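Here the protein sequences line up with chains A and B, keeping their order.
Under this note's numbering, the first residue of the first sequence is numbered 1, with each subsequent residue one higher.
Under this note's numbering, the first residue of the second sequence is numbered 1001, with each subsequent residue one higher.
Note that beta-carbon positions come from the ideal geometry of N, C-alpha and C, so glycine has one too.
Owing to the predicted nature of the structure, the values given are computational and were not obtained by experimental measurement.
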Amino acid sequence: MIALLTHLSGGAIASALTGPGDLDPLLTSLASGAVTLAVLLVFCTPLSYLLARGTLPFPRVWEAGVLCSLLLPPLVIGLLLIFMVGPFTPIGELLNAMPWHLSATNTFLALVIAEVYESAPYYVVGAQAAFADVEPQMEQQAALLGDRPRRVFRRVTLPLAAPGLGVALSVAWARAMGAFGAVIIIAYHPYGLPLQIYDTLQETGLASALPYALILLVVALPLPLAAFAWSARARRRRRG
Amino acid sequence: MLDADVEVDRREFTVRASLHVAPGERLALFGPSGAGKTTLLEVIAGLVRPRRGRVELGGRVLTSTASPACFVPPWRRRVGLLRQDPGIFPHLSVRDNLRYAPGGHRSRTELAQVADALGISGLLSAMPVRLSGGQAHRVALGRLLLAHCDALLLDEPYAGLDAQLRRSLTDLVAGLVDERSVPAVLVAHELAEAQAFADRLAILDRGCLLQVGAPHEVVLRPASRRAAELIGYLGFVPAAEHAGNVAGVHPERVVGGAHPGRGLVLAGTVVGCRPAGAGWEAVLATGTAEVTCRLPERPAQAGGRMVVTAVDPPWFRPDGAAVNPPAASAVPPGPASPEQVGT
């Protein structure tokens, strides 16, 4: 951050961001990141819980799947996504057959898919650890006091796992904001911040790309930092 | 009435037990670690499904493997379980913990009364992290009381607490069980704790109930040698004239000197001696057996001779079953062995 700031002037930032459409990459990244987080929350939270409680069939297979997507180079994920959701795949054809003629390449949807694939493993691994940290005896106690499983999840499991979930989600946010490898393969358009940085660097050089790099850091970093601070405070309050 | 007649498979053995606890009655399940005591409680609470059996509470069938099969989930059982870890929800204040049960918020007066009775009125706004071990147990107990459970299960709840606190909590729970007239089952692996709480004592070993009865009766008249060993009988002295029969000697049922009218008089050599509580514990070699005894006075030094009397000891056959003669003939007649002075 210091290096970045020392090489940037206020004027450079202003001139990079005041032209027509200059804020579009930022807005695209914010929108796709928000949708990505929503997708992770809805689909990956239950998966993480089931993995933590070991109630999924073939749990090692699921965990291996999560780890693979964590360990695979993002560029490779992008290439594989072409084979999964590209226009000539069953999923691609299904999307195209929909009333809105959706496509999972070079669209906002494609950007979200790429960001989900790049960030999901970070969220699942973190959320799984957060749920595993909640003692099953707490949930049993809540059930014996009369709560049905959903109510137990809402009143006990979720609040107790919240600090860890918050951290996992914020890390996923940072990953989604910075997603580049898979994005450049299946979602070159619309531009998010990482692709804007890359293109600006290619076309006009380092000095022009730096303001976008600064914006990316400003957008991506505060959430994880705040989540870590909140999580540490919450854990301290509970554990003394 | 709580009735449980179940079989649960565990890795090393099958737990087979039949328990009947009347409203207001306190039963203590006593046995070594891993005997299946907690498993039994978990079956009653609905946390573990038995392979076979039936659990009934107040006329409601909670579990039945016989047709029509039935399994009431834990949240509908109205069975309270208090474990060693009281399970206070750390993200809720004491007040919110107390009124956690659905409907627990209905009566503020009742909450205040329970908090008052448990001595936690001043802690209602506190977060659990600020509570001591004893306070946390009181909060957990209050939470169960406010949930209006129909049965109370206590799984070694006071382990790790100091003796005075254990005693006060035991008295408190016993009083509340009486007052609410609910069946209560305590799992304990310390005999004193079980005796202090229970109206009846059940001994469980490797999944089998060895004996159920009044605590005093179980301790003084164990049904088998194994039960006696679990209760704390440390010496088994053979009677020469009764092939294979042995007398069980409990260290705390021994008095110094020869008192033939009170039990079995034993003479032997002191092989070890050490302070124990407010008295002394000595190991006495009497022929083929070693007997541990706790005495108020310091016994002879190691190597010295000592005579003690095992007060009214239970006798066991070679197969381990208890010999249950009338009190007058509790001790086998006939001449004593060389080290067994007389009765």
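- Going by beta carbons, B/G1058 and B/D1150 fall inside the 7 Å limit.
- Residues of chain A with a Cβ closer than 9 Å to the Cβ of B/A1147 are, in chain order, L144, L145 and G146.
- Contact check between the stretch 99-114 of chain A and the stretch 75-85 of chain A: three or more CB pairs, one atom from each, fall below 8 Å, which counts as touching.
- Not a single CB atom of chain A sits nearer than 7 Å to the CB of B/H1250.
- When only Cα atoms are considered, B/A1159 and A/A52 end up about 29 Å apart.
- 7 Å or more divides the Cβ of B/L1161 from the Cβ of A/L144.
- In this structure, the straight-line span from the alpha carbon of A/A209 to that of A/P57 is close to 48 Å.
- Within its own chain, the residues whose Cβ lies closer than 8 Å to the Cβ of B/R1317, once the five positions on either side in sequence are excluded, are G1244, N1245 and V1323, listed in chain order.
- According to the DSSP assignment, B/Q1164 belongs to the alpha helix (DSSP H) that extends over A1163 to R1180.
- Counting only residues of its own chain and dropping the five nearest sequence neighbours on each side, B/L1131 has a CB closer than 8 Å to the CB of I1088, V1094, L1123 and V1139.
- B/G1031 and B/L1098 do not touch by the CB rule: their CB atoms are close to 33 Å apart, not below 8 Å.
- Residue-level contact check: B/V1072 does not touch chain A, since none of the beta carbons of chain A fall below 7 Å from its beta carbon.
- For A/P211, the enclosing alpha helix (DSSP H) covers residues L206 to A220.
- Of the candidates A/W62, A/T28 and A/S119, the residue whose Cα lies closest to the Cα of A/L70 is A/S119.
- In this structure, the straight-line span from the alpha carbon of A/M138 to that of A/A161 is close to 12 Å.
- Within the DSSP bridge table, the entry for B/A1310 names B/V1254 and B/L1264 as partners.
- Linking B/P1128 to A/F228 through their CA atoms gives a straight-line distance of about 23 Å.
- Between B/L1002 and B/V1021, the beta carbon gap of about 4 Å places them in contact (Cβ cut-off 8 Å).
- By the beta-carbon neighbour count (other beta carbons within 10 angstroms, threshold 16), B/M1306 is buried.
- The stretch 215-230 of chain A and the stretch 1010-1030 of chain B do not touch, with fewer than 3 CB-CB distances between them shorter than 8 Å.
- B/I1203 carries a strand assignment under DSSP once its states are collapsed to helix, strand and coil.
- In summary, A/E93 is exposed, with fewer than 16 beta-carbon neighbours lying within 10 Å of its beta-carbon over all protein chains present.
- Of the residues B/A1223, B/A1198 and B/L1169, the one whose Cα lies closest to the Cα of B/P1086 is B/L1169.
- For the stretch 1046-1083 of chain B, the continuous beta strand (DSSP E) assignments of 3+ residues that do not extend past its boundaries occur at 1052-1057, 1060-1064 and 1079-1083, in sequence order.
- In chain order, G181 place their CB closer than 8 Å to the CB of A/P73, counting only its own chain and leaving out the 5 sequence neighbours on each side.
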